[in-house]
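Undergrad: Below is a structure I'd like to ask you about.
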Amino acid sequence: MSKRVVLEASHAVAEAVKMADVDLIAAYPITPQTHIPERLAEMVAEGDLDAAYVPVESEHSAMSAVLGSAAVGARSFTTTAGQGLELMHEALYIASSHRYPIVMAVCNRTLSAPINIWCDHSDIMSCRDVGWIQVFCQNNQEAFDMTLWAFRVAEDPKVMFPTMVNLDGFILSHVTEPLILPDAKDAAAYLPKYNYRLALRPETPTSHGCFGPPEIYLEVKYAQEIALRESRSVIDQGWKELKKAFGRQYEAVETYKAEGASTLLVTMGSLGETAKMVVDEKRARGEPVGHLNLRLWRPFPFADFRKAVNGVKTLVVVDRAFSFGGPGGPLASELRSALYDAVDRPKVVDFIAGVGGREVDGAAFEYMFNRGQELAKTGSDCLYEPLQVRGLATGTGVRG
Amino acid sequence: MAMKGYKLPGEVPWNDVELGAIVTEPGSASIRKTGDWRTERPVVDKAKCIKCGLCWLHCPDAAITPMDDGYFEPDLYHCKGCGICASICPKSAITMNEEVEK
């Protein structure tokens, strides 16, 4: 029997990891991710979860430890945030290149300096190209569902890629809200038993992490690139099965009240919840606006995105990270790139907001909707407009 | 020296690469020719050699092969020409001769 509970997203993730019956957890606590390893350590200590818990001395070691456990075929989990993800960085490529299906929850946090523990997407944006499957969550239910789903997709023999579940630090990680936990038996039925064909075993020796000279490296990387793109069918299948098992529907690109909308507001992560409230208000006033939630960040769902924005005049994009000296916010620059070859493409207006935990409330969304539509009409030679910078006149954009 | 049945890295097409480039055949590194990096080759003078085996013991690439007659011969398929064998030999029985281009 599934049950309705009240949990913060961190504990929802821990419940999902427990239901996934992982073999090993290696994690280093860092705000705002701390409650995930803390809860998992409790579960292991209390005998509720039969897994090894490795209290490593750094995030680099956390990733290295799960690389080792993944190499022997153990179902492995780790979790981090902000600076911790940066410290892991080089080892993230090893996980995806070795094709180890590690699952990691990232409680998105900005990057120093100045030191700041609050939410934005600076940490994950520097990890776009590490070769992991990457999804974003809007609420605590999604944090649970995506974590369970992540194991299923990552471990599929047709996929075998590590998977990152992004949940906004504090805004989700520390916020308590109701969600539905499935029965452990149903979760187990959703997540098949994992068997790693190439596991390090004395009786069938394999070598992991071998030398890849110029005459083979390129072929290895091309195979990896194609495999990540082709993981889409399993990603979608994982969501279809999740709907069948638990009744909740997820897609790579999700739209809300997009029918007949001339303007769509695009977000990733928890901002989607506020955006939808503002869409409701504007729709009640007869304004043709909707919301687009980009759930799947890697592999980027190009076809789904182009289809979702077909016929839309304006996309108002909310970025939660700077791309210093670059082409505007990372999200908008990727969306622009995805649309460049489309014949009838919408105008893309980019805002950078909510950086370093700065509040993005309903009024901010109201402003972005209106200002975005205005800029789409008048045209703009700016890359993006930063929101709520003290001392900067409202409506000042940044030029390239 | 190449092992039968193994493909060299340069012979594997992209869609035949094992998952994660993981190697499933133990010892397959020995098929890779590293002898072509060499600029100097070790030459053993058997008249001076006392069969002590120090060259074999010190070779960082296991490229000194013990022979049936008790002497030691460099394995030029793998020898990179570092010269440690020549340096360690107590009888100066190994000299490093410059490789000349063919």
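Chains as they are written, first to last, in my numbering: chain A, 6 to 405; chain B, 1186 to 1287. A virtual CB, placed ideally from N, CA and C, is assigned to each residue, including glycine.
Roughly how many angstroms separate the alpha carbons of A:Phe166 and A:Ser101, rounded to a whole number?
TA: Distance between the alpha carbons of A:Phe166 and A:Ser101 is about 6 Å.
Undergrad: Please go through the same chain and pick out, in chain order, the residues whose beta-carbon is closer than 8 Å to the beta-carbon of A:Val180, but skip the five residues on each side of it.
TA: So the list reads Glu13, Ala14, Asn145, once near-sequence residues are dropped.
Undergrad: Mind checking who A:Phe82 pairs with in its DSSP beta bridge?
TA: A:Ile30, A:Val108.
Undergrad: Report the residues of the segment 217–244 of chain A with a CB closer than 7 Å to any CB of chain B, ordered along the chain.
TA: The segment 217–244 of chain A vs chain B, Cβ under 7 Å: Gly217, Pro218, Glu220, Ile221, Glu224, Val225, Tyr227, Ala228.
Undergrad: Verify the CB distance criterion: does B:Thr1293 have a CB-CB separation below 7 Å to chain A?
TA: The requested residue 1293 of chain B does not occur in the structure, where chain B is confined to residues 1186 to 1287.
Undergrad: Could you tell me whether the Cβ atoms of B:Lys1233 and B:Ala1278 are closer together than 7 Å?
TA: The answer is yes: Cβ separation under 7 Å.
Undergrad: Figure out for me which residue from A:Ser238, A:Gln139, A:Val77, A:Ile231 has the closest Cα to the Cα of A:Leu203.
TA: Cα-wise, what sits closest to A:Leu203 is A:Val77.
Undergrad: Can you name the residues that DSSP bridges to A:Gly295?
TA: BP columns for A:Gly295 point to A:Leu269.
Undergrad: What residues in the segment 137–170 of chain A have a beta carbon less than 7 Å from any beta carbon of chain B?
TA: Of all residues in the segment 137–170 of chain A, Met165 have a Cβ within less than 7 Å of some Cβ in chain B.
Undergrad: Counting along the chain, where does the alpha helix (DSSP H) carrying A:Cys387 start and finish?
TA: Note, A:Cys387: premise wrong, no alpha helix (DSSP H); beta strand (DSSP E) at 387–391.
Undergrad: Could you check what DSSP says for A:Glu62 in three-state terms: helix, strand or coil?
TA: In this structure, A:Glu62 counts as coil in the three-state DSSP scheme.
Undergrad: Can you name, in chain order, every residue of its own chain whose Cβ lies under 6 Å from the Cβ of A:His296, other than the five neighbours on each side?
TA: Hits under 6 Å: Tyr261, Leu270, Ala280, Lys281, Val284.
Undergrad: Can you tell me the Cα-Cα spacing of B:Val1208 and B:Asp1201, whole angstroms?
TA: Whole-angstrom Cα-Cα distance: 12 Å.
Undergrad: Taking C-alpha atoms, which residue in A:His103, A:His94, A:Lys226, A:Ala266 lies nearest to A:Ser74?
TA: The option with the nearest alpha carbon to A:Ser74 is A:His103.
Undergrad: Out of curiosity, what's the CA-to-CA distance linking A:Glu264 and A:Ala118?
TA: Answer to the nearest angstrom: the Cα atoms are 42 Å apart.
Undergrad: Using 8 Å as the Cβ pair cut-off and three pairs as the minimum, do the segment 1236–1248 of chain B and the segment 1266–1280 of chain B touch?
TA: These segments touch.
Undergrad: Could you spell out the range, first to last residue, of the beta strand (DSSP E) harbouring A:Val323?
TA: Segment 319–324, the beta strand (DSSP E) holding A:Val323.
Undergrad: Give, in chain order, every unbroken run of the beta strand (DSSP E) that is at least 3 residues long and sits entirely within the segment 113–197 of chain A.
TA: Complete beta strand (DSSP E) runs here, min 3: 138–141, 168–173, 181–186.
Undergrad: Going by the beta-carbon positions, is the gap between A:Ala110 and A:Val239 smaller than 7 Å?
TA: It is not a contact, given that the beta carbons lie outside the stated cut-off.
Undergrad: Could you have a look at A:Phe305 and say whether DSSP puts it in helix, strand or coil?
TA: If DSSP states are grouped into helix, strand and coil, A:Phe305 belongs with coil.
Undergrad: Exposed or buried, which one is A:Ile30 when buried takes at least 16 other CB atoms within 10 Å?
TA: By the 10 Å Cβ count, A:Ile30 comes out buried.
Undergrad: Quick check on the DSSP output: the beta strand (DSSP E) that includes A:Asp355 runs from which residue to which?
TA: Where A:Asp355 is concerned, the enclosing beta strand (DSSP E) stretches over 352–357.
Undergrad: Taking Cβ to Cβ, would you say A:Gln224 is nearer than 7 Å to B:Trp1199?
TA: Residue identity check: residue 224 of chain A is Glu in the sequence provided, not Gln. In contact: A:Glu224 and B:Trp1199 (Cβ atoms closer than 7 Å).
Undergrad: Are the C-beta of B:Thr1280 and some C-beta of chain A separated by less than 7 Å?
TA: Chain A contact via Cβ: absent.
Undergrad: Give the DSSP-derived three-state secondary structure of B:Tyr1161 in the structure shown.
TA: Because chain B in this structure spans residues 1186 to 1287, residue 1161 of chain B falls outside the shown range and cannot be described.
Undergrad: Quick one: is B:Met1252 buried, meaning 16 or more other Cβ sit within 10 Å of its Cβ, or exposed?
TA: B:Met1252 is exposed by the Cβ-count criterion.
Undergrad: Please list the terminal residues of the continuous alpha helix (DSSP H) segment that includes A:Val22.
TA: Run containing A:Val22: 14–24, per the alpha helix (DSSP H) assignment.
Undergrad: The alpha helix (DSSP H) that contains A:Tyr261, what's its start and end?
TA: Looking at the DSSP string, A:Tyr261 is not in any alpha helix (DSSP H); the run it does join, the beta strand (DSSP E), is 258–261.
Undergrad: Determine, using beta carbons only, whether A:Gly333 comes closer than 7 Å to chain B.
TA: No, A:Gly333 does not count as interfacial toward chain B.
Undergrad: Measure from the C-beta of A:Leu90 to each C-beta in chain B and report whether the shortest distance is under 7 Å.
TA: No, A:Leu90 does not count as interfacial toward chain B.
Undergrad: Which of the three DSSP states is assigned to B:Ala1248 in this structure?
TA: In the structure shown, B:Ala1248 sits in coil (DSSP, three-state: anything other than H, G, I, E or B).
Undergrad: Determine the contact status of A:Val49 and A:Tyr58, defining contact as a CB-CB distance below 7 Å.
TA: Cβ atoms of A:Val49 and A:Tyr58: closer than 7 Å.
Undergrad: For A:Asp309 versus A:Val353, is the C-beta distance shorter than 7 Å?
TA: Against a cut-off of 7 Å, the Cβ pair of A:Val353 and A:Asp309 comes out as no contact.
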